[in-house]
């Protein structure tokens with residue numbers, strides 16, 4: 472049905488497109504693994520390992536103080552993911568399986584939050600939290616992101632609970648299980664794919680978030696990894712190698728997770744978008 | 011690929027059609043009316059305190075002239091009038107229009123034929139290909155910015171390529187050029203969004219029943235007419251979603267500008283999100299920053315509504 476010529480052309484286009492997508496990524500990886508090009512290191516070039524220089528990562532880790540910023544990012548992400556997931560599961564459960572007055576109005580209020588950009592909340596948040604003496608704290612970075620994640624999470628989990636098995640929940644209820652037990656013992660374990668997708672997306676958004684930590688974290692100890700990279704770029708101007716190595720370090724956690732769970736990522740981002 | 015996207019469609023549809031279900035039917039033992047509220051309260055409390063309240067405060071601040079330190083003065087809608095009259099602010103919204111071309115229009119125009127071709131080709135390695143082209147979506151924008159700054163550098167790979175093919179006269183510091191910095195940043199957006207748009211369109215196209223193509227072919231349609239008569243009408247919904255997502259991404263561009271150009275050279279790449287940050291935290295014009303943020307939010311709401319309304323109407 473498809474001629475050999477067309478097939479060859481298709482593969483050519485496929486290849487060209489993939490190259491365009493991967494080229495900047497390879498540029499960074501190649502620079503990170505190449506010989507250090509900064510003035511100090513160029514005087515005494517190291518031998519490297521099979522022509523590669525993995526020691527660049529250690530140097531970047533030290534000079535860019537990524538130990539500190541990666542730790543902050545891990546703490547913020549863990550907190551945001553844990554809180555947002557538990558709270559979203561609970562609110563999604565209420566919206567998806569219970570009827571009560573004002574349900575629709577309240578749900579639209581949550582939907583609103585999916586569209587509100589961080590720019591629209593970060594200005595008053597900064598000045599109000601400053602009045603309370605809470606800027607430059609872990610909470611100022613984490614809690615606004617919990618709120619943002621709850622908007623999407625509620626919407627996402629509600630869709631799952633609406634589609635979930637009613638008969639199973641009904642059977643458990645007849646056995647005397649309360650709504651709390653039905654939620655955590657039956658519906659959540661069955662809905663692990665939906666919850667995993669939510670966890671993965673929330674983690675990615677939190678890890679990559681830039682504006683909120685930029686505004687809230689004034690002290691160096693609270694800088695998240697992307698922020699640390701942006702500052703490293705400002706200070707480190709004598710070459711590109713270590714900056715590239717820093718960029719790889721910052722991107723790595725999400726990219727590694729993506730390699731293993733790419734279906735969850737793609738499905739979640741497409742399906743979540745379709746339902747918006 | 012095919013199996014996962016049909017599953018996606020299936021759950022999406024199921025979500026919409028299942029009626030409000032069992033647990034609230036009257037015959038069972040009556041649940042206290044407070045139960046739903048108990049489940050909602052923790053989420054709502056955090057959401058209201060850290061998202062809804064700041065949003066309302068933004069709207070309130072936008073009516074004041076305030077430097078962030080001393081007492082503010084109420085100025086009514088003056089900050090909004092300024093959005094329309096101040097050349098810097100007007101310019102920043104103009105730049106967003108250019109970015110929309112690069113973030114939304116270009117990826118959709120390129121993604122449509124690409125997705126059509128790839129769906130039709132049924133080439134091997136599509137799953138791997140999908141993983142690769144989607145990758146830019148998951149990489150932190152700061153990392154993307156660092157990579158592209160390098161590519162656009164006067165001594166970077168792009169200029170190396172140009173010099174290698176004898177186009178030395180074109181080589182330049184792309185991000186330092188008044189006319190070319192904005193398109194150069196826009197092209198980064200194209201790079202980020204193209205994979206998402208293509209994968210989204212491919213998912214839509216793989217759901218088109220093959221009979222429609224067979225019918226078109228019986229009518230003597232070639233690949234091009236087949237694309238316009240069968241494929242394009244069937245993926246209207248996906249095109250709408252792709253446009254909504256990418257336009258919103260263009261409007262929210264902040265990290266990329268902050269790291270690559272910081273709005274420069276001059277104001278040539280200043281965008282509204284960057285103006286919000288600069289005005290509130292660098293220039294001490296908090297009210298003006300809040301007004302820009304509110305305008306941005308309203309634009310995002312309006313675009314989501316309009317694009318989806320159009321798609322809904324056309325599907326009927």
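Residue numbers (the working numbering), protein chains in the order written: chain A, 472 to 747; chain B, 11 to 326.
Idealized CB from N, CA, C, for every residue including glycine.
Query raised in the report: In terms of residues, what are the limits of the alpha helix (DSSP H) holding residue 102(B)?
Result: 97-110
Report task. Find out if the Cβ-Cβ distance for the pair residue 328(B), residue 113(B) is shorter than 7 Å. Result -> Absent from the structure is residue 328(B), since the part of chain B shown begins at 11 and ends at 326.
**Report entry** Whether residue 89(B) touches residue 294(B) by CB criterion (7 Å)
**Finding:** no
Query raised in the report: Quick one: which chain B residues come within Cβ less than 8 Å of residue 599(A)?
Result: 64 and 67
**Report entry** Inter-residue CB distance, residue 594(A) and residue 300(B) (contact presumed, cutoff 8 Å)
**Finding:** 5 Å
Report task. Could you run through the stretch 121-138 of chain B and flag, in chain order, every residue whose CB is less than 7 Å away from some CB of chain A? Result -> 124, 127, 128, 131 and 133
Query raised in the report: Exposed or buried, which one is residue 208(B) when buried takes at least 16 other CB atoms within 10 Å?
Result: buried
Requested in this report: Could you tell me whether the Cβ of residue 664(A) comes closer than 7 Å to any Cβ of chain B?
Outcome: no
Query - Cβ neighbours of residue 607(A) in the same chain (closer than 8 Å, five flanking residues each side left out) - result: 687, 688, 689, 690 and 693
Requested in this report: For residue 256(B), collect the residues of the same chain with a Cβ closer than 7 Å to its Cβ; drop the 5 residues on either side in sequence, then sort them by chain order.
Outcome: 113, 114, 117, 203 and 207
Query - Per-residue contacts from residue 539(A) into chain B (C-beta, under 9 Å) - result: Within 9 Å Cβ-Cβ: nothing; residue 539(A) doesn't reach chain B, min ~16 Å.
Report task. Assuming residue 561(A) contacts residue 53(B) (C-beta within less than 8 Å), just tell me the rounded distance between them. Result -> 6 Å
Query raised in the report: Closest Cβ-Cβ distance between residue 300(B) and chain A: below 7 Å?
Result: yes
Requested in this report: Determine contact between the stretch 156-167 of chain B and the stretch 488-505 of chain A, defined as no fewer than three beta-carbon pairs at a distance below 8 Å.
Outcome: yes
Requested in this report: Would you decide whether residue 179(B) is buried or exposed? Buried here means 16 or more other CB atoms lie within 10 Å of its CB.
Outcome: exposed
Requested in this report: Under 8 Å between beta-carbons, which chain B residues line up against residue 584(A)? List them in chain order, please.
Outcome: 57, 61 and 62
Report task. Figure out for me which residue from 506(A), 523(A), 559(A) and 587(A) has the closest Cα to the Cα of residue 627(A). Result -> 559(A)
Report task. Express the C-alpha separation of residue 486(A) and residue 480(A) in angstroms, rounding to a whole number. Result -> 10 Å
**Report entry** Helix, strand or coil at residue 90(B) [DSSP, three-state]
**Finding:** helix
Query - Residues that residue 285(B) bridges to, as DSSP identifies them - result: DSSP, once it has assigned bridges, lists no residue as partnering residue 285(B).
Query raised in the report: In angstroms, rounded to a whole number, what distance separates the CA positions of residue 551(A) and residue 125(B)?
Result: 36 Å
Report task. Alpha carbon to alpha carbon, how far is residue 727(A) from residue 665(A)? Give it in angstroms, no decimals. Result -> 20 Å
Query - Residues in the stretch 156-168 of chain B having any Cβ partner in chain A nearer than 7 Å - result: 156, 157, 158, 160, 161 and 167
Query raised in the report: Quick one: does residue 49(B) have its CB under 7 Å from some CB of chain A?
Result: yes
Query raised in the report: What are the boundary residues of the alpha helix (DSSP H) that includes residue 631(A)?
Result: 609-634
Query raised in the report: So which residues of chain B does residue 623(A) contact, with C-beta pairs closer than 9 Å?
Result: Those within 9 Å of residue 623(A) in chain B number zero; the least Cβ separation is about 11 Å.
Query raised in the report: Helix, strand or coil: how does DSSP classify residue 31(B) here?
Result: Caution is warranted here: a pLDDT of 44 is assigned to residue 31(B), below 50, making its placement in the model unreliable, and the coordinate value is therefore given only provisionally. Looking at residue 31(B) - three-state DSSP - the assignment turns out to be coil, as it is neither helix nor strand.
Query raised in the report: Is there a Cβ from chain A that is less than 7 Å from the Cβ of residue 35(B)?
Result: Because residue 35(B) sits at a pLDDT of 46, beneath the cut-off of 50, its placement in the model cannot be relied upon, and the point is left open.
Report task. Closer than 9 Å by beta-carbon distance: list the chain B residues that pair up with residue 676(A), in chain order. Result -> Chain B residues near residue 676(A): none, gap ~10 Å exceeds 9 Å.
Query - Min CB distance residue 707(A) to chain B below 7 Å - result: no
Query raised in the report: When Cβ atoms are compared, which residues of the stretch 187-217 of chain B fall closer than 9 Å to chain A?
Result: 198, 201, 204, 205, 206, 208, 209, 210 and 213
Query - Alpha-carbon to alpha-carbon, residue 235(B) and residue 536(A) - result: 58 Å
Query raised in the report: Quick one, which of 672(A), 700(A), 698(A) and 713(A) has its alpha-carbon nearest residue 734(A)'s?
Result: 672(A)
Query raised in the report: Can you find a C-beta in chain B that's less than 7 Å from the C-beta of residue 681(A)?
Result: yes
Query - Nearest candidate by alpha-carbon position, reference residue 140(B), set 743(A), 738(A) and 663(A) - result: 738(A)
Query - Boundaries (first-last residue) of the alpha helix (DSSP H) holding residue 126(B) - result: 116-131
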